[in-house]
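Residue numbers for the sequence shown follow my numbering, so the first one is 47 and each next one is one higher. The structure under discussion appears below in the form of structure tokens.
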Amino acid sequence: MLSVENLRKYFEVEKRFLSRSKTRVSAVDGISFEIPKGEVFAMVGESGCGKTTTGRMVLRLLDVSDGKIVFDGVDITKVSQRKLKQVRRKMQVVFQDPYDSLNPRMSVRQIVSEPLMTYHIGTSEAEREGIVLSVLKSVELEPPEEFIERYPHELSGGQRQRGRDSQGARPDSQLHPRG
Ligand SMILES: Nc1ncnc2c1ncn2[C@@H]1O[C@H](COP(=O)(O)OP(=O)(O)OP(=O)(O)O)[C@@H](O)[C@H]1O
Ligand SMILES: [Mg+2]
């Protein structure tokens, strides 16, 4: 499903205040792994070792400095934004900080509907509402008719992090420690 080969990421950072010179930080230094379909994969390592940077590159939220990423048979290391859009339909990220990830001015209905519209899933408002309700149900935000109207501040930390693949398991803060 996912194959990562010798992935690297360098960041250019200012050396110090008022100095023009830049220095190169190596955030990910040649990592390789494969994740077969249907498998749960955990990456563990000390703070700052490059886990989040690796995840952001896999999602192509960050450009890759070197190496190769193949997702579902497609080399996505350097694909166009258009092609990337097709691939992104099959990817999902639950960010570290659920308080930062959800727009406080948007209701659960709007938050969950937005990607459906972006990726042209569902042809009518009514169909999308049905999808949103079934997604809420599948992550145990029940009754879904009640949760769909709520805003992020009306949810618990764990409720904000529910992902579609959790199916019964509660991805609460203990399962998403900082890191
Ligand atoms: N935009 C950036 N510019 C410069 N350096 C960065 C940038 N983003 C991350 N880094 C550096 O890259 C390294 C890896 O960071 P990353 O966020 O991937 O770590 P992590 O393994 O997720 O850590 P944590 O467990 O603390 O979340 C760190 O040394 C970090 O300071
Ligand atoms: Mg991290």
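Beta carbons are placed, not taken as given, at the ideal position from N, Cα and C, and that holds for glycine. Remember, predicted model here, so these are calculated numbers, not experimental data.
Relative to ligand 1, even the nearest heavy atom lies 6 Å or more away from the CB of T69.
Residue side-chain check: T98 places its Cβ nearer than 6 Å to a non-hydrogen atom of ligand 1.
Here the alpha carbon of V181 sits roughly 12 Å from the alpha carbon of P189. By DSSP's assignment, R70 forms a beta bridge with E58. In this structure, V59 keeps its C-beta atom at 7 Å or more from the C-beta atom of V74. About 16 Å separates the CB atoms of L179 and Q205; that is not less than 8 Å, and the two are not in contact. If you compare the alpha carbons of D143, I157, F117 and R208 with that of Q132, the shortest gap goes to F117. Shown here for R106: same chain residues with a beta carbon closer than 7 Å to its own, the five before and five after excluded, namely I122 and L130 in chain order. For K131, the secondary structure class from DSSP, reduced to helix, strand or coil, is helix.
Out of G168, E192 and Y56, the CA that lies nearest to the CA of S153 is found in E192. Relative to ligand 1, V110 has its C-beta separated by 6 Å or more from all heavy atoms. Its chain contains K55, A73 and V74 as the residues whose beta carbon lies nearer than 6 Å to that of T99, once the 5 sequence neighbours on both sides are disregarded; these appear in chain order. Residue environment analysis places Q138 among the exposed positions, since fewer than 16 neighbouring C-beta atoms fall within 10 angstroms of its C-beta.
The C-beta distance from S78 to V50 rounds to 6 Å, short enough to meet the 8 Å contact threshold.
Just so you know, the alpha carbons of S111 and V125 end up roughly 14 Å apart.
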